[in-house]
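I have placed the structure first, in the form of structure tokens, so that the comments after it can refer back to it.
And the structure:
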């Protein structure tokens with residue numbers, strides 16, 4: 001591992017936005033430094049979970065926000081609008097809050113951006129909201145000068161009320177790791193498109209709102225679902241590292257079980273990008289108690305977005321915080337992406 | 347007035363982010379086009395108010411969001427961090443929700459941005475949160491490549507529970523218009539700084555969270571406060587045009603009563619910027635029933651942020667949607683800024 005950058009005197013680099021270790025250090029050492037502790041009993045920024053959860057009466061109010069800087073804004077399988085709605089709905093769902101109450105949307109546009117493209121993005125956001133059964137209730141629009149912003153960026157925040165919270169740190173040895181479908185689709189589709197690899201059509205982003213799928217899993221075995229995370233920036237490797245470290249367990253992955261499309265595998269070999277490091281925008285990693293895994297898997301596979309769900313690994317006491325890939329021929333450590341390879345992937 | 351741009355075939359221009367008519371048209375004709383109506387009884391995006399208000403039990407949940415693209419991020423009297431917290435707290439307060447429950451913060455940083463500057467911004471946000479008695483509960487960090495974003499932009503969303511909502515459209519003839527202090531300070535301070543006019547120190551942004559001040563006004567005369575807006579982008583002129591048009595009244599301003607610092611006046615003359623068009627980031631325009639105006643004014647003036655509060659005009663039946671300036675020698679129409687003069691002012 002590389003030495004810690006001296007953040008006090010340093011410059012922000014692309015890796016600080018890449019979803020991996022450098023980003024977590026930036027957030028921990030700069031953004032959250034000296035932050036006052038949040039009200040007791042809540043999930044605050046110090047948890048570095050998918051969002052915050054605050055008590056309101058006998059419920060939780062779950063709040064999350066994300067900015068979207070993806071380049072290009074239109075890509076095979078989706079666009080920045082669908083991504084922004086799905087990403088925020090999914091962050092709420094990963095906390096166990098599967099009924100998004102409302103979204104906000106901040107739009108920042110570069111002068112000269114085509115109005116017709118803005119209309120496409122608006123239509124796409126509205127369609128994704130209908131899928132997720134939510135709505136954008138308020139927004140803001142800013143314009144930056146030509147050359148001051150590359151195209152368009154969006155920010156969405158979302159809120160939801162929930163009776164129960166699922167954290168990203170509830171794993172214990174023996175728990176099983178479930179993925180709701182194929183990995184790496186979003187990251188490789190965007191990178192192949194950017195490099196004009198000509199896979200288009202066959203290689204598409206998986207971007208989709210997952211609240212309905214997650215609700216099905218929770219309904220199948222509410223107490224058996226003990227940790228969730230959507231493996232976006234930094235991919236499955238980054239999500240599992242974070243879940244393992246926070247839970248104090250090791251995670252052993254069975255490589256043969258990882259659902260992977262042929263085109264994603266081909267693109268990953270051409271581009272030299274490990275699919276374990278590539279972003280997903282329509283998948284969830286779910287930690288499940290062993291006795292609940294059959295019920296959860298059946299519920300996921302009965303849903304159109306979970307047909308290819310698989311049990312891909314399990315949690316062990318050894319090597320807490322590490323992710324180990326069992327290839328069938330031996331075991332190796334999965335690295336956590338630094339992520340400079342994949343800037344502006346979401 | 348200039349003809350409507352053909353948005354369908356057009357390009358987004360700086361004026362579409364300037365807070366005036368062009369921005370309202372962009373939002374109405376593109377961003378909100380074909381939006382599904384929000385749940386009944388709520389204040390949704392179609393209201394184009396400072397935020398949304400949704401029923402939750404016997405309360406309102408008020409939600410707002412804003413992005414901040416100010417250039418430069420550090421300016422006399424404040425910085426982008428203080429601006430982002432204050433702006434969102436103030437949008438909640440303008441809806442009558444003076445106890446911000448929680449804020450979110452999305453940060454987008456250009457590669458190469460100094461970590462020390464990020465730390466200053468973080469400290470400033472924390473300080474502003476303490477002033478407003480709120481906290482940032484969750485966030486997101488993205489990095490864009492060198493040259494893809496000019497410096498840093500922030501997005502904050504805020505939520506608050508409130509028993510009562512104050513809209514921006516409750517004015518009727520006879521109501522008085524109150525401003526909580528001097529006008530144009532933020533816009534002229536930033537523009538003078540940008541043009542290196544050398545006014546610094548004497549000319550500072552008014553950026554501040556106003557929830558406490560607004561709470562004092564509401565406590566003095568809850569039913570007498572019938573409309574509120576913070577005159578940010580587009581200044582007092584834009585805020586009053588919007589309030590007048592939505593309420594169906596004319597507004598007559600008494601020029602002699604407009605609180606204006608000497609330095610702001612001097613800078614406005616040098617730069618050719620009407621202080622009525624310049625952004626404020628620590629002021630509220632409040633529409634008050636005539637019988638409540640003494641109580642509201644006294645409550646405002648008793649607060650450190652409202653010492654210079656003034657009754658600056660009143661509402662009339664004639665010329666609904668127009669703002670008229672009574673100069674003492676005659677009357678003229680106040681124009682609504684197109685706003686290209688003041689890009690990235692907040």
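Protein chains in written order, with my numbering: chain A, 1 to 346; chain B, 347 to 692.
No residue lacks a Cβ here, since even glycine has one placed at the ideal position from N, Cα and C.
Three-state secondary structure assigned by DSSP to residue 206 of chain A: Mapped onto the first chain, residue 206 of chain A falls at position 206. Three-state DSSP puts residue 206 of chain A in coil, outside helix and strand.
- Touching by the beta-carbon criterion (3+ pairs, under 8 angstroms), the region 127 to 143 of chain A and the region 176 to 186 of chain A: no
Are there 16 or more other CB atoms within 10 angstroms of the CB of residue 231 of chain A, so buried, or fewer, so exposed?
To locate residue 231 of chain A, count along the first chain from 1; it is residue 231. Residue 231 of chain A should be labelled buried.
Quiz prompt | Status (buried if at least 16 other CB within 10 Å, exposed otherwise) for residue 24 of chain A | solution = The residue labelled residue 24 of chain A in the question sits at position 24 within the first chain. By the 10 Å Cβ count, residue 24 of chain A comes out buried.
Which residues does DSSP list as the beta-bridge partners of residue 574 of chain B?
By one-based count along the second chain, residue 574 of chain B stands at place 228. B/632.
* Contact belief for residue 605 of chain B with residue 525 of chain B at Cβ below 8 angstroms, rounded distance in angstroms -> Counted from its first residue, the second chain places residue 605 of chain B at position 259. Counted from its first residue, the second chain places residue 525 of chain B at position 179. The Cβ separation is near 7 angstroms, so the contact holds.
- [ ] Give the straight-line distance between the Cα atoms of residue 348 of chain A and residue 191 of chain A, rounded to the nearest whole angstrom.
- [x] Only positions 1 to 346 of chain A appear in the structure, and residue 348 of chain A is not among them; the question remains open.
If you measure from the beta carbon of residue 210 of chain A to each beta carbon in chain B, is any gap under 9 angstroms? Here the question's residue 210 of chain A lines up with position 210 in the first chain. No, residue 210 of chain A lies away from the interface with chain B (no Cβ there is under 9 angstroms from its Cβ).
**Item:** Sequence-distant residues of the same chain with beta carbon closer than 7 angstroms to residue 354 of chain B, five excluded per side
**Value:** Within the second chain, numbered from 1, the residue matching residue 354 of chain B stands at position 8. Bear in mind that a pLDDT of 43 at residue 354 of chain B, under 50, signals an unreliable position, so the model cannot answer this.
Inset, instruction - Return helix, strand or coil for residue 11 of chain A, following the three-state DSSP convention. - result: As a position in the first chain, residue 11 of chain A is number 11, starting the count at 1. Three-state result, residue 11 of chain A: strand.
At least three beta-carbon pairs within less than 8 angstroms, the region 608 to 617 of chain B to the region 398 to 407 of chain B:
no
* Asked: Does DSSP classify residue 42 of chain A as helix, strand or coil?
  -> Against the first chain, residue 42 of chain A aligns to sequence position 42. It is coil, neither helix nor strand.
Inside the region 484 to 549 of chain B only - beta strand (DSSP E) runs reaching at least 3 residues
498 to 508 and 522 to 525
Practice task
Go to residue 681 of chain B, then tell me how far its alpha helix (DSSP H) extends in each direction, as first and last residue.
Solution key: For this step, residue 681 of chain B is matched to residue 335 along the second chain. Looking at the DSSP string, residue 681 of chain B is not in any alpha helix (DSSP H), and its letter there is neither H nor E.
Classification of residue 643 of chain B by the beta-carbon crowding that lies within 10 angstroms, buried from 16 upward: Position 297 of the second chain, counted from the first residue, corresponds to residue 643 of chain B. The residue in question, residue 643 of chain B, is buried, as its Cβ has 16 or more Cβ neighbours within 10 Å.
ask   = Taking DSSP as the reference, what is the three-state secondary structure of residue 212 of chain A?
value = In the first chain, counting from the first residue as 1, residue 212 of chain A sits at position 212. In this structure, residue 212 of chain A counts as helix in the three-state DSSP scheme.
- Check distances from the C-beta atoms of the region 105 to 118 of chain A to those of chain B and list, in chain order, the residues that come in under 8 angstroms. 105, 106, 107, 108, 109, 110, 111, 112, 113, 114, 115, 116 and 118
Inset, instruction - Please list, in chain order, all residues of the same chain as residue 257 of chain A whose beta carbon is under 8 angstroms from its beta carbon, the five residues on each side excluded. - result: Here residue 257 of chain A corresponds to residue number 257 of the first chain, with the count starting at 1. So the list reads 310, 311, 312 and 313, once near-sequence residues are dropped.
- Query: Hey, would you say residue 278 of chain A sits closer than 9 angstroms to residue 324 of chain A, going by beta carbons?
  - Reply: Mapped onto the first chain, residue 278 of chain A falls at position 278. Mapped onto the first chain, residue 324 of chain A falls at position 324. Cβ distance not < 9 angstroms, so residue 278 of chain A and residue 324 of chain A don't count as in contact.
(request) Leaving out five residues on either side along the sequence, give the residues of the same chain with a beta carbon under 6 angstroms from the beta carbon of residue 491 of chain B. (result) One-based indexing of the second chain puts residue 491 of chain B at position 145. So the qualifying residues of the chain are 457.
Discussion item. Rounded to whole angstroms, what is the Cα-Cα separation between residue 96 of chain A and residue 213 of chain A?
Written reply: Residue numbering aside, residue 96 of chain A sits at position 96 when the first chain is read from its first letter. Residue numbering aside, residue 213 of chain A sits at position 213 when the first chain is read from its first letter. Taking the straight line from one Cα to the other gives about 11 angstroms.
Exercise. How would you label residue 447 of chain B, buried or exposed, when you count the other beta carbons within 10 angstroms and need 16 or more for buried?
Worked result: For this step, residue 447 of chain B is matched to residue 101 along the second chain. So residue 447 of chain B counts as buried.
_If the cut-off is 8 angstroms on Cβ atoms, which residues from the region 131 to 144 of chain A count as contacting chain B, listed in chain order?_
135, 136, 137, 138, 139, 140, 141, 142, 143 and 144
- Could you tell me the boundaries of the beta strand (DSSP E) in which residue 52 of chain A lies? For the purposes of this step, residue 52 of chain A is identified with residue 52 of the first chain, where counting begins at 1. Counting along the chain, the beta strand (DSSP E) containing residue 52 of chain A begins and ends at 52 to 56.
- Task: Spell out whether any CB of chain B is found under 9 angstroms from the CB atom of residue 101 of chain A.
- Result: Here residue 101 of chain A refers to the residue found at position 101 of the first chain. Closer than 9 angstroms: yes.
Contact under 9 angstroms by Cβ, residue 195 of chain A with residue 334 of chain A: Locating residue 195 of chain A in the first chain gives position 195, where the first residue counts as 1. Locating residue 334 of chain A in the first chain gives position 334, where the first residue counts as 1. No.
| message | Beta carbons nearer than 7 angstroms to chain A: which residues of the region 496 to 522 of chain B have them? | response | 496, 499, 501, 503 and 505
Item to check | Through-space distance from residue 523 of chain B to residue 585 of chain B, alpha-carbon basis | outcome: Here residue 585 of chain B is taken as the residue at index 239 of the second chain, counted from 1. Here residue 523 of chain B is taken as the residue at index 177 of the second chain, counted from 1. The alpha-carbon atoms of residue 585 of chain B and residue 523 of chain B are separated by roughly 12 angstroms.
Excluding the five sequence neighbours on either side, which residues of its own chain have a C-beta within less than 8 angstroms of the C-beta of residue 712 of chain B, listed in chain order? The first residue shown for chain B is 347 and the last is 692, placing residue 712 of chain B beyond what the model contains.
**Request:** Kindly say whether residue 413 of chain B, judged by its beta-carbon, lies nearer than 9 angstroms to any beta-carbon of chain A.
**Result:** The sequence position of residue 413 of chain B within the second chain is 67, counting from 1. Judged by the 9 angstroms Cβ criterion, residue 413 of chain B is in contact with chain A.
- prompt: Could one say the Cβ of residue 183 of chain A lies closer than 9 angstroms to chain B's Cβ atoms, at least one of them?
  reply: Along the first chain, read from residue 1 onward, the residue named residue 183 of chain A stands at position 183. By this cut-off, residue 183 of chain A is not an interface position.
### Query
Which of helix, strand or coil does DSSP assign to residue 625 of chain B?
Position 279 of the second chain holds residue 625 of chain B. Looking at residue 625 of chain B - three-state DSSP - the assignment turns out to be coil, as it is neither helix nor strand.
* To do: Run the CB neighbour count on residue 410 of chain B, radius 10 Å, all protein chains shown included, and call it buried at 16 or more, exposed below.
  => Within the second chain, residue 410 of chain B is the residue found at index 64, counting from 1. Per the 10 Å Cβ criterion, buried.
From B/684, B/647 and B/563, residue whose alpha carbon lies closest to that of residue 579 of chain B: Start at 1 with the first residue of the second chain, and residue 579 of chain B comes out as number 233. Answer by Cα proximity: B/684.
Give the interface partners of residue 54 of chain A over in chain B, defined as CB-CB distance under 8 angstroms, in chain order. Against the first chain, residue 54 of chain A aligns to sequence position 54. Per Cβ cutoff of 8 angstroms: 447, 448 and 483.
| said: My output table needs one value for residue 674 of chain B: the three-state DSSP class, helix, strand or coil. | reply: As a first step, residue 674 of chain B must be located in the second chain, where it is residue number 328. The answer is coil: DSSP assigns residue 674 of chain B none of H, G, I, E or B.
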